[in-house]
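Have a look at the structure below before the remarks.
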Amino acid sequence: MRLRSYGPTLLAVMSLLAVSGFAQQDPTTLVTRSLSNMQLKRWLVAGKVTTIQGDPLRGAMVQIQPLNASGDFKTLPSDIQGEFVSECYLDVNEVKTLTVKLTVTKKGYRRAQLISAIADSETPPVIRITLRDVNEDPNLLSEDDLVSNLAHRLGKLELSDGLAASAKKDYERGVGEFIVQNHPDKALPAFNKVAHSEQACLQCLTMLGLAELASGDWEGARRDFSEGVNRILANPKNANAAPLIAYGVMESWRHQPRNAAGYFSEALKYAPHDALALQELGRSQLFLEKWGAASEYLAKAIAAGAGPDARLLRIQALLGGGDPDDASKEMDTYLDGRNIKKMPIAIRTLWAEVQEKHKIEVTYKTVKSNSKKSIDYLHGMAPELQGIEPASSQEPLRSILEALGRNVSLFFQNFPNTISLERIHQEKLRRNGKRNGELDQKFHYLCLIPEEAWGPGFDEYRANVAGDQGEPHGLNEGFMLTSGFASASLVFHPAYQPDSTFRYLGRQKVHDRDAFVVAFAQIPGKARVYGKFKSGSATMPTFTQGLAWIDAGNYQIVRIRTDLLTPLPAVDLEKQTTDIEFSETRFKGIAEAFWLPQDVTVTVDWNGKILRNIHQYSDFKLFSVAQSQKIGKQK
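Residue numbers (my numbering): -9 to 625.
Put into C-alpha cells, the structure is as follows:
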C-alpha cells in the first residue's frame, strides 16, 4: 500500500514504549530532551476502527509494531468510539518518519493489516482501519473473484500501458509475489514503488489497490481505486475500466447498489464488452429490483464470456420480472444435464423457486381461462363502491402509491414486538346464511420481529393464557383456521408493488374519512408474497385482488378487502373474501402511531360449504422477547 499521512485529530493517550524518566511529563506538550547525546521525541500512533458502513468497532485488538526503530510490540483495544492511541519516544536524529505495522483483529471480522508512515509532526495523523465481516455476502461478488479477475488481466503490462522500462522489473517482481506466490503483502513494496514513479499507469495503481485489499488494507485499496477513478475523470483519454470496476465492487460490498451501478456504467464507456462490468451492473440492477435492466445486462455479460454466476443472477432477474418460462430455460442451460440433487443448496433452492413459479403461472393461466366466476376489481365496480366519486384519470395513482409505500415501509421498519388480545368467532353457515354451528375462543396474539429478517414481515404466534403456544381448535368439527392479517399491507410495500397491478378508482367516505380507493391484483408467477390454502394433503398458493381505502390526509390504510383472483378447483375453493378494518394504535413510550387490524372477517366457499371467521384485536401492548421463551415455533 502507499504510505501517506492523514488528517489531524488528537485522541486519548496510552503508552507504546516505556521510557524511564519521562513518566511525569505533560502528555499534551512536545517532549524534546537530550539524554546521552540523544534527542527524544514523543510520537503518537492514533487511529479508528470501523465497519465498512463506517460504524465504530469497540474492542478490536490493535497490535502496533515499529518497523524502522527499535521497540516492542504493543497491543491495545479500541474504545467505544472505535478509537485507539499509543505513544513512543525515538531519537529525532535517527528517525524522521516513524513507520509502523498495524494488525487489527476482532471476533467475527477479517483481520486487517497495513503499514503506515507517520511524519515528524506535532499533530498525530488518524489511521483509518476498516474491518470486514468474516462471512462474505453470498449474493455479492467475492473478494477472491474480484482479485482473480482483475489481477490476472493486469498481470502483464507493456510500455503502451504507461509502464516505463525501468519500472517493468519491479512490477514483474510484485506480480510474482502477488499472483504466483500468493503473497500480496510481500508484493506491496514493489507495487508501491511503481505506482509512485509511474503516475500515468492506471493499471499499476489498480494492481496496488488489489494487493492492499488482499493483504487486509481496505482503506488503502479504496484510496488507490478512488485515485484511479479521479485520474480517469481528469483525463479520459488514458482511461481504463479496471479502477472503475474495482471501486464499484467495493461500493456494492457496502450495500450501495445505486452508487456501484454508476461506476460500472462508466467502466462500460471505455470497455463496452467487459464481462465483469456487465455482470456487476446487472447484479446492481437486481438489487435495485430493476428486473428488465438486470436481465438485459446479464445476458450481455454471458455473451461476453462471464462465468456461470452471471447465468444464476439472470435466472433471479427473470423470476423477479415475472418470466418463469425463460427462467426455467436458463436454469436448464446452467445445469447442462447435471443432476440438481447433487448441486449446492443455494442452486437447489433457486431451482425449486423456478419450478414453483412456473407451475403457478401454468396453473393460474389454465384455471382462469376455464373460469367464468372470477371477479375483476380492476375493471368492474363492487357493491362496496356505491357512492364513490369516480376518478377522472390515473394521474394521482403514482403519488398515492409512493406516499402509501413510504408509510408501509416505515411501519415494517419501526414496528416493535407486540402482544394483543385476539377474540375469534368461527361459524359454519348454510346457503341461506343461517348458522349451522359456531365457536368462540380467545388468545394472546404476538407479532415478533425475527432476529434474522430477510425482508419486511413478522413472526406471528398465538398463545393461551398460560403463555404456551396454542392454535384455535375446531378443525375436526368442520371449522376453518385463519391467520396472518398484520402483514396484509405488504402488497403496498415499495419492494412488492411491482408484483401487482394497480388502478385508482376515485374517492369515497369511510368512517367519516375522505379516502382514496385503489384496486389491485397480484400477478401470479411474479408475486413473492402470497397466501396458501390447505385442504387435507393438498395445498395451493392463493393470489388475491381487492380494494384498499387510503386516508386522503395521512395516506394510511383504513380498510382492505381482498378476493381470490380466480376459483381454485384443485382444493375445491370457490371463493375467499377477507375484509380488514384498520385503526390507529399507540404504545406507551413510543411517539409514533401504528395502523393495525382491529376487525377481520374471512369468508370462504369451500367444498360446497360456507365458513366464516371473525377476528377482533384489542389491548395492544409492547412485548419483551425475553417473555416469549415458552412460545414455540408455529407448526
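Just so it is clear, CB atoms sit at the ideal spot from N, CA and C, and this is done for glycine as well.
Cβ neighbours of residue i in the same chain (closer than 6 angstroms, five flanking residues each side left out)
| i | result |
| --- | --- |
| isoleucine 600 | Leu419 |
| glutamate 564 | Pro557, Asp595 |
| valine 85 | Ala59 |
| aspartate 175 | Ser205 |
| arginine 101 | Thr95, Gly206 |
| methionine 470 | Leu601 |
| proline 46 | Thr40, Gln71, Gly72 |
Straight-line Cα distance separating residue j from residue i
| i | j | result |
| --- | --- | --- |
| aspartate 315 | lysine 332 | 23 angstroms |
| glycine 423 | glycine 598 | 13 angstroms |
| valine 21 | proline 179 | Because the pLDDT at valine 21 is just 39, under 50, the model does not fix this residue reliably, and the value given afterwards should be weighed accordingly. Whole-angstrom Cα-Cα distance: 33 angstroms. |
| alanine 141 | tyrosine 161 | 12 angstroms |
| arginine 518 | glycine 164 | 49 angstroms |
| cysteine 78 | proline 67 | 17 angstroms |
| isoleucine 390 | serine 382 | 15 angstroms |
| lysine 31 | lysine 159 | 39 angstroms |
| leucine 554 | phenylalanine 610 | 30 angstroms |
| methionine 51 | arginine 213 | 24 angstroms |
| serine 106 | proline 56 | 10 angstroms |
| leucine 223 | phenylalanine 401 | 42 angstroms |
| alanine 317 | alanine 300 | 13 angstroms |
| phenylalanine 506 | phenylalanine 254 | 41 angstroms |
| cysteine 437 | serine 216 | 45 angstroms |
| valine 398 | proline 226 | 44 angstroms |
| leucine 640 | methionine 197 | Missing from the structure shown is residue 640; the chain here goes from -9 to 625 and no further. |
| leucine 387 | leucine 495 | 9 angstroms |
| proline 114 | threonine 339 | 52 angstroms |
| lysine 183 | glutamate 167 | 15 angstroms |
| alanine 201 | asparagine 172 | 10 angstroms |
| leucine 394 | tyrosine 545 | 5 angstroms |
| valine 170 | serine 138 | 11 angstroms |
| alanine 236 | tryptophan 33 | 35 angstroms |
| leucine 266 | glutamate 320 | 19 angstroms |
| histidine 483 | glutamine 588 | 20 angstroms |
Beta-ladder partner(s) of residue i, from DSSP
| i | result |
| --- | --- |
| cysteine 78 | Trp33 |
| glutamine 498 | Ala505 |
| serine 106 | Val90 |
| glutamate 417 | Glu428, Arg602 |
| glycine 521 | Thr532 |
| arginine 634 | Residue numbering for the chain in the displayed model covers -9 to 625; residue 634 lies beyond these limits and cannot be assessed. |
| phenylalanine 584 | Thr575 |
| lysine 611 | Ile409 |
| methionine 240 | Answer is none; methionine 240 lacks a bridge partner. |
| isoleucine 550 | Ala538, Ile570 |
| leucine 57 | In DSSP, leucine 57 forms no bridge with anything. |
| glutamate 450 | Cys437 |
| leucine 558 | Leu563 |
| glutamate 379 | Arg497 |
Classification of residue i by the beta-carbon crowding that lies within 10 angstroms, buried from 16 upward
| i | result |
| --- | --- |
| glutamine 498 | buried |
| glutamate 582 | exposed |
| proline 17 | For proline 17, the pLDDT reaches just 40, beneath the cut-off of 50, and the residue's location in the model is therefore unreliable, although a value from the coordinates is still provided. So proline 17 counts as exposed. |
| asparagine 466 | exposed |
| glycine 44 | exposed |
| arginine 551 | buried |
| proline 128 | exposed |
| threonine 19 | Because threonine 19 carries a pLDDT of 40, less than 50, the predicted location of this residue cannot be relied on, and no value is offered for it. |
| arginine 304 | buried |
| lysine 280 | buried |
| glycine 427 | exposed |
| proline 462 | buried |
| phenylalanine 63 | exposed |
| lysine 148 | The question names lysine, but residue 148 in the sequence shown is glutamate. Under this definition glutamate 148 is an exposed residue. |
| aspartate 264 | buried |
| lysine 347 | buried |
| histidine 501 | exposed |
8 angstroms CB neighbourhood of residue i in its chain, flanking five on each side removed
| i | result |
| --- | --- |
| glutamate 209 | Leu104, Arg118, Ile119, Thr120 |
| isoleucine 439 | Phe405, Pro406, Asn407, Phe448, Asp449 |
| threonine 65 | Met51, Val52, Gln53, Ile54 |
Close beta carbons around residue i, own chain, < 7 angstroms, minus the five adjacent residues each side
| i | result |
| --- | --- |
| arginine 503 | Asp541, Val548 |
| arginine 221 | Leu192 |
| alanine 511 | Tyr367, Leu368, Ser490, Thr491, Gln535, Leu555 |
| arginine 122 | Ile42, Tyr99, Arg100, Trp208 |
| glutamate 351 | Pro314, Pro514, Gly515 |
| serine 660 | A question about residue 660 goes unanswered here, because the residues of the chain that appear run from -9 up to 625. |
Unbroken beta strand (DSSP E) runs of length 3 or more, entirely within the segment 107 to 154: which are they?
116 to 121
What ranges does the alpha helix (DSSP H) occupy inside the segment 290 to 336, keeping only unbroken runs of at least 4 residues that lie completely in it?
298 to 310, 314 to 325
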